[in-house]
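Take the sequence shown: its letters are residues 2 to 439, numbered as in this note's numbering.
Glycine included, every Cβ here is placed at the ideal spot set by N, Cα and C.
What follows is a set of notes on a single structure, which appears directly below.
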Amino acid sequence: MPINITMPALSPTMEEGNLAKWLVKEGDSVSSGDVLAEIETDKATMEVEAVDEGVVAKIVVPEGTEGVKVNALIAVLAEEGEDASAAASAASNATAAAPVVDAAPAVAAPVPAVAPVAAAVAPVAQPATTRVFSSPLARRIAADAGIAISAVTGSGPHGRVIRRDVDAAIASGLTSTSAAAPAPAPLAPVATGASDAQVMKLFEEGSYELAPHDGMRKTIAKRLVESKQTVPHFYLTLDCELDALLALRKQLNESAPIRDDKPGFKLSVNDFVIKAMALALRDVPQANASWTESNMVMHKHADVGVAVSIPGGLITPIVRQAEMKPLSIISNEMKDLAARARERKLLPQEYQGGTTAVSNLGMFGIKDFAAVINPPHATILAVGAGEPRAIVKNGELAVATVMSVTLSTDHRAVDGALGAELLSAFKGYVQNPLGMLV
């Protein structure tokens, strides 16, 4: 019988996507794991793979179509030995009669990243058999993440484990030795804001143009409102002297090995900030936490998300286990993540999750600001510009390069004293940067 291919939920926050490009055409034979199409989500452009073998009988949604809902029928495969034209005809009749969706569920969309603590809605149970049916790509991603494929609930045809199931398991914190962290309680509905008609009444006709929101902007708006409505923010600010860090940065960059006529790395101040934040969380592990209604999720590593501005919004790619990585690795990894983020080529596991985040506006000359927490993170560090300021040293006035940083905390998980301890540890590494090298 015909196999329906539906618009997949490629991330826990996806509700619809744009079918950017088909990589197969009607009549092509495909195998499990073959790439079928490119889908644009609110954060990235991703490839969709086949989970069954067959012949492409009909492409229902043409490439370039925007706003295709998750689970909407996009193509039909004919099974081996089945007449492709008959399968296409049957699909056309079924589509005309009613929208077709397969058993794959949409994924619940709580909060950001970024909202990694998410679970699939009403997943299809795995068949009672010793063999776990899964796609090759799903098995590879699970192996790389250290997850037993048998621990993942499949949502593909006949309970097959596919890529989105493994992505959801990674986002929920599932490992081969532990269960997923409890998900937060559902968030209350948020206000949608003023309608176009209400706003346009305030302005003279012809004095404005309407720019429709894209998926990314809608997602950012929804998550920020949810964060501010549900997370009790608490703010701590202090100043860090940067002169020792800048001197060490200059020395390290000048001594970088040359590879293919280029330096092996070029450290930025932000690379030091990422490392210092990771080490501070290592030293103050009680602050490396996420709040849920039932438990405090205590993280074993400092996975630092870094806010990157991209056309139409921002995204927070994550430097995993940053406390264990040398500055040169952090620097090169961050450059790669930022470049692919701007091209919308990041995979969900590269921007979902994390245990904290850093937002740096110093390059724009911003002195200080307070950032909005990205749940399920309990902290985010807002970094201002380093600038010459008058300070007092040994009772005398002096000039130093000073950077103001503000730590926003989820007061349910990180209270004032704990936040102050974390920020103090961060300052210690910034002002004594040699500690980041040992």
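Taking the Cα positions, glycine 420 is about 9 Å away from phenylalanine 235. Under the three-state reduction of DSSP output, isoleucine 163 falls in the coil class, being neither helix nor strand.
Within the same chain, Cβ atoms closer than 6 Å to the Cβ of arginine 390 are found at Val403, the five residues on either side in sequence being excluded. The C-alpha of asparagine 395 is placed about 49 Å away from the C-alpha of glutamine 350. Around leucine 239, the same chain offers Val406, Leu424 and Lys428 as residues with beta carbons nearer than 7 Å, after the five sequence neighbours per side are excluded. Contact between the region 247-256 and the region 276-285 is not established, with fewer than three Cβ pairs separated by less than 8 Å. In the DSSP assignment, tyrosine 236 falls within the unbroken beta strand (DSSP E) covering 234-242. A residue is called buried once 16 or more other Cβ atoms fall within 10 Å of its Cβ, and alanine 418, having fewer, is exposed. Arginine 164 sits away from alanine 146, with the two beta carbons spaced by 8 Å or more.
Of the other Cβ atoms in all chains shown, fewer than 16 fall within 10 Å of the Cβ of glycine 265; this residue is therefore exposed. Beta-bridge pairing by DSSP links threonine 410 to Phe235 and Thr380. With contacts defined as CB atoms closer than 8 Å, valine 359 and leucine 382 qualify as a contacting pair. DSSP lists no bridge partner for isoleucine 275. In the three-state DSSP reduction, glutamate 227 falls in the helix class (H, G or I).
Approximately 17 Å separates the beta-carbon atoms of aspartate 272 and glycine 355; this is outside 8 Å, ruling out the contact. If you draw a 10 Å sphere on the C-beta of phenylalanine 134, you find 16 or more other C-beta atoms in it, and that means buried. In the structure shown, the three-state DSSP call for valine 298 is strand. By alpha-carbon distance to alanine 399, the top candidate from Ile60, His412 and Asp244 is Asp244. The count of Cβ pairs closer than 8 Å, one atom from the region 368-382 and one from the region 331-347, stays below three, leaving the stretches out of contact. Exclusion of the five residues before and after asparagine 333 leaves Phe266 as the residues of its chain whose Cβ lies within less than 6 Å of its Cβ. Going by DSSP, lysine 59 is part of the beta strand (DSSP E) stretching over 55-60.
For isoleucine 142, the CB contacts under 7 Å within the same chain, skipping 5 residues up- and downstream, are Arg164 and Val167 in chain order. In the assembly as shown, glycine 18 is a buried residue. Its beta-carbon has 16 or more other beta-carbons within 10 Å.
In this structure, the CA atom of serine 256 is about 26 Å from the CA atom of asparagine 361.
For serine 360, the secondary structure class from DSSP, reduced to helix, strand or coil, is strand. When only Cα atoms are considered, glycine 55 and serine 30 end up about 6 Å apart. DSSP places proline 286 within a helical segment (H, G or I) once states are collapsed to three.
With respect to the 8 Å criterion, alanine 58 and valine 49 are not classified as neighbours on the basis of their beta carbons. The alpha-carbon of threonine 317 is positioned some 12 Å away from that of alanine 45. A Cβ-Cβ contact shorter than 8 Å links alanine 372 with serine 409. Bridge partners of asparagine 5 according to DSSP: Val77. For glycine 420, the enclosing alpha helix (DSSP H) stretches over residues 417-432.
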